[in-house]
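In order, the protein sequences belong to chains V and L.
Just add 1047 to wherever you are in the first sequence, counting from 1, and you've got our numbering.
Just add 1047 to wherever you are in the second sequence, counting from 1, and you've got our numbering.
All residues carry an ideal CB built from backbone N, CA and C; glycine is no exception.
Keep in mind that this is a model prediction, so the values were computed, not measured.
2 protein chains.
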Amino acid sequence: MDFGELQKQVDFIHEIDKVKYIQRKTRLFNSDRAENDAEHSWHLALMAIVLSGHSNQDIDLFKVIKMLLIHDVVEIDSGDIFLYDNVVSHSNTEAETIAARRIFGLLPQNQAEELIAIWEEFEAGDTAEAKFARAMDRFEPLLQNRSNKGGTWKEFNVTYDRVVQKKSVIKEGSDLLWGYSKMLIDKSVEEGILTKD
Amino acid sequence: MDFGELQKQVDFIHEIDKVKYIQRKTRLFNSDRAENDAEHSWHLALMAIVLSGHSNQDIDLFKVIKMLLIHDVVEIDSGDIFLYDNVVSHSNTEAETIAARRIFGLLPQNQAEELIAIWEEFEAGDTAEAKFARAMDRFEPLLQNRSNKGGTWKEFNVTYDRVVQKKSVIKEGSDLLWGYSKMLIDKSVEEGILTKD
Chain V
1048 MDFGELQKQV DFIHEIDKVK YIQRKTRLFN SDRAENDAEH SWHLALMAIV LSGHSNQDID
1108 LFKVIKMLLI HDVVEIDSGD IFLYDNVVSH SNTEAETIAA RRIFGLLPQN QAEELIAIWE
1168 EFEAGDTAEA KFARAMDRFE PLLQNRSNKG GTWKEFNVTY DRVVQKKSVI KEGSDLLWGY
1228 SKMLIDKSVE EGILTKD
Chain L
1048 MDFGELQKQV DFIHEIDKVK YIQRKTRLFN SDRAENDAEH SWHLALMAIV LSGHSNQDID
1108 LFKVIKMLLI HDVVEIDSGD IFLYDNVVSH SNTEAETIAA RRIFGLLPQN QAEELIAIWE
1168 EFEAGDTAEA KFARAMDRFE PLLQNRSNKG GTWKEFNVTY DRVVQKKSVI KEGSDLLWGY
1228 SKMLIDKSVE EGILTKD
């Protein structure tokens, strides 16, 4: 048997284990422990499966799932950037592009090219699939912060306008999810777990 | 806006956060920390994406991914059962079936029925998709134990014959992966990290 291609795939499988060590700022729904990128990616993929019917546009759901499973793999090299970071931009960086080439580049060439293209599509955020995937990525921490009585909003003094601005990305993927999100954000102000200037 | 269906989906999304607390016996590839079910499920889904070309039969890969993302959700209620446990059978139990009905039952009925059916298909292990998904579930801990110089084999005194017997499930999903797995198992004996009676 020739294990040449398989060995490359196993090297990739081994490498992405590191995603389990990348800590996010956001805490789990049910405890104070920070969530890691692997748990986050798993949760978003399952969210997309149950919420896909609310997408504004027809989507290739399988492609959305692939996007969500791989979207944070580049952080093995480039690290997690906090959504409300005031210094570093939470968007595609040169470091992330180099990371994508190195990590997906462990795979056989055709697979590397496919996954890099899907990751770039997610980052660009232009297609219906990318918009819905990005909506998932914004919706999960909103639910988590609600569950954690303010969570990172309180911890990092993030106020209402900033939350609305950042979370409005959800609207591009789903009007219904955005309506629900806006309702939760407003409720958070009423409950005193989010500050309105 | 009517959030009735969405609220059920959010309740499910909230509930499955608990999967992140279910500790497996197997350790991560790169450290001594035990892996949790969410990380495990994420890893298996990505493994299926890169390894699907080695399946013995044509498969609906998206269905395989769904199986892998949800396969351990029932453990929220029924707990993780160790593959080499000598007392409790590592197969579908009454407790797991009740758990599936409760947890997936949080969703709107059509979605609950779809996911329960997919979970049952995985558990039965008869279809091409279930066989390939189960191969992933056996292949990951093999790689982890190799990476951890014996890992749970050493920790729980599991010997060669038992490993070959349990891992041979991989062959039903992929002959190539089984050939590779057998090579790794034999190598583990040579290296002294697995005992042959």
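Taking the alpha helix (DSSP H) that residue i belongs to, which residues open and close that run?
i       : result
V:K1234 : 1222-1237
V:Y1207 : 1207-1214
V:Q1156 : 1156-1171
V:G1198 : 1198-1202
L:S1125 : 1122-1125
V:V1111 : 1108-1117
V:S1194 : 1175-1194
L:F1050 : Note, L:F1050: premise wrong, no alpha helix (DSSP H); not H, not E.
Could you spell out where the beta strand (DSSP E) holding residue i opens and where it closes?
i       : result
V:N1083 : 1081-1083
Given a threshold of 16 other Cβ atoms within 10 Å of its Cβ, counted over all protein chains shown, does residue i qualify as buried or as exposed?
i       : result
V:E1176 : buried
L:E1143 : buried
L:E1198 : Inspection of the sequence shows that residue 1198 of chain L is occupied by Gly rather than by Glu. Its Cβ being crowded by 16 or more others within 10 Å, L:G1198 is buried.
L:G1239 : exposed
V:Q1191 : buried
V:E1170 : buried
L:K999  : Look at the range of chain L in this structure, 1048 to 1244, and you will see that residue 999 of chain L is not part of it.
V:I1096 : buried
V:Q1212 : exposed
L:R1149 : exposed
V:S1215 : exposed
L:A1164 : exposed
L:Q1024 : A question about residue 1024 of chain L goes unanswered here, because the residues of chain L that appear run from 1048 up to 1244.
V:R1080 : exposed
L:K1032 : The requested residue 1032 of chain L does not occur in the structure, where chain L is confined to residues 1048 to 1244.
V:N1195 : buried
L:G1126 : exposed
L:M1094 : buried
V:E1219 : buried
V:M1230 : exposed
V:I1217 : buried
L:N1083 : buried
V:K1243 : exposed
V:D1064 : buried
Can you tell me whether DSSP reads residue i as helix, strand or coil?
i       : result
L:T1073 : strand
L:T1144 : helix
Using beta carbons (cut-off 7 Å, strictly below), is residue i in contact with chain V?
i       : result
L:H1061 : yes
L:K1067 : yes
L:V1111 : no
L:L1231 : no
L:F1050 : yes
L:M1114 : no
L:V1210 : no
L:L1098 : yes
L:L1053 : yes
Kindly indicate if chain L contains any beta-carbon less than 7 Å away from that of residue i.
i       : result
V:F1151 : no
V:S1088 : yes
V:D1064 : yes
V:Y1227 : yes
V:N1157 : no
V:L1091 : no
V:L1075 : yes
V:Q1056 : yes
V:V1216 : no
V:A1085 : yes
V:M1183 : no
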